[in-house]
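One structure is given below, encoded as structure tokens.
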Amino acid sequence: MYKSGFNFLYINSNIRNFFIGAVIFIISGILLEKYIRELKYDGTNISSAG
1 MYKSGFNFLY INSNIRNFFI GAVIFIISGI LLEKYIRELK YDGTNISSAG
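Here you go:
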């Protein structure tokens with residue numbers, strides 16, 4: 001009984017960690033996209049000159 005409860009908690013923590021990782025991944029992806037977009041706008045002169 002104790003072991004099954006422990007396994008249940010372990011599975012829940014894995015799911016929670018997965019969701020936290022997914023949220024962090026999505027947020028970082030959005031921020032990275034914004035950063036790349038700004039970098040592209042800022043670097044147009046540099047890329048055209050090169």
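Okay, so the sequence shown: first residue is 1 according to the working numbering, each after it adds one.
Cβ atoms here follow ideal geometry from the backbone N, Cα and C, with glycine treated the same way.
ask   = By how many angstroms is the C-alpha of Asn-12 removed from the C-alpha of Phe-25?
value = Within the sequence shown, the letter at position 25 stands for residue 25. Within the sequence shown, the letter at position 12 stands for residue 12. The straight-line gap separating the alpha-carbon atoms of Phe-25 and Asn-12 is approximately 20 Å.
ask   = Which term fits Gly-50, buried or exposed, when burial requires 16 or more other beta carbons within 10 angstroms of its beta carbon?
value = Reading the sequence shown from its first residue, position 50 is the one you call residue 50. Interpretation of Gly-50 is limited by its pLDDT of 47, a score under 50 that renders its predicted location unreliable; the figure taken from the coordinates is listed afterwards. Flag for Gly-50 reads exposed.
task = May I have the straight-line CA-CA distance separating Phe-18 from Asp-42, to the nearest angstrom?
result = Walking along the sequence shown from the start, residue 18 turns up at place 18. Walking along the sequence shown from the start, residue 42 turns up at place 42. If I take the Cα positions, the gap works out to 36 Å.
inquiry  = In whole angstroms, give me the CA-to-CA distance for Asn-5 and Tyr-35.
reply    = Walking along the sequence shown from the start, residue 5 turns up at place 5. Walking along the sequence shown from the start, residue 35 turns up at place 35. The sequence shown places Gly at residue 5, not Asn. Distance between the alpha carbons of Gly-5 and Tyr-35 is about 45 Å.
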